[in-house]
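In case it helps, the working numbering puts the sequence shown at residues 30 to 145.
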Amino acid sequence: MRVALHSVLKEGQESGYEQVHATVPEDLLEALRRAGITNWRIWRSGRHLFHLVDCEDFAAAMAALDEDPANQQWQEFIGAYVDHFEDTGGSPAEAERMALGEVWELSAQAEAAERG
Numbered sequence: 030m031r032v033a034l035h036s037v038l039k040e041g042q043e044s045g046y047e048q049v050h051a052t053v054p055e056d057l058l059e060a061l062r063r064a065g066i067t068n069w070r071i072w073r074s075g076r077h078l079f080h081l082v083d084c085e086d087f088a089a090a091m092a093a094l095d096e097d098p099a100n101q102q103w104q105e106f107i108g109a110y111v112d113h114f115e116d117t118g119g120s121p122a123e124a125e126r127m128a129l130g131e132v133w134e135l136s137a138q139a140e141a142a143e144r145g
């Protein structure tokens, strides 16, 4: 599955956030892989971060990461930069409330049109 997230940086932390992501700690990369995350991309516009996460089960991955010491250490560290993740309010499960709902996809519409 592919999940989009939106977070917001603390005022003035834009360049610092990018610097600390130049090389993410290896133990965090291993934790992400153990949790079933195969890729995580981040784009920035001003203080706004847009994440695209590829994984098998997002809620399960977030639950596993919540328990992982490497991720806990990273979250404590990165909290100096990140103000918050936006909450869509659309689901009772915390991890799912972070996921943005997909509105439209070009290839899906094109495939549907080809099928008639």
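By construction, the Cβ of each residue, glycine as well, lies at the ideal position given by its N, Cα and C atoms.
Computed from a prediction, not measured in an experiment: that's the story for all the values here.
Asked: Could you check whether Tyr110 and Gln42 sit closer than 7 Å to each other, using their CB atoms as the reference points?; Found: yes
Asked: Would Val53 pass as a contact of Phe87 if the rule is Cβ separation under 7 Å?; Found: no
Asked: Here's the rule: buried if 16 or more other CB atoms are within 10 angstroms of the residue's CB, otherwise exposed. What is Val132?; Found: exposed
Asked: Relative to the C-alpha of Asp56, which candidate in His50, Trp103 and Thr67 has its C-alpha closest?; Found: Trp103
Asked: With a Cβ-Cβ cutoff of 7 Å, do Leu78 and Ser136 count as a contact?; Found: no
Asked: Throw me the rounded Cβ distance for the Ile71 and His80 pair, which I believe falls under 8 Å.; Found: 5 Å
Asked: Roughly how many angstroms separate the alpha carbons of Arg62 and Phe114, rounded to a whole number?; Found: 22 Å
Asked: Does DSSP put Ala128 in a helix, in a strand, or in coil?; Found: coil
Asked: Return the chain-ordered list of same chain residues with a C-beta closer than 6 Å to the C-beta of Ala93, the five sequence neighbours on each side being excluded.; Found: Ala64
Asked: Beta-carbon within less than 8 Å of Trp69's beta-carbon, same chain only, minus the 5 sequence neighbours each way: which residues are those?; Found: Leu61, His80, Leu81, Val82 and Asp83
Asked: Look at the alpha carbon of Lys39 and the alpha carbon of Glu143, and state the distance between them as a whole number of angstroms.; Found: 46 Å
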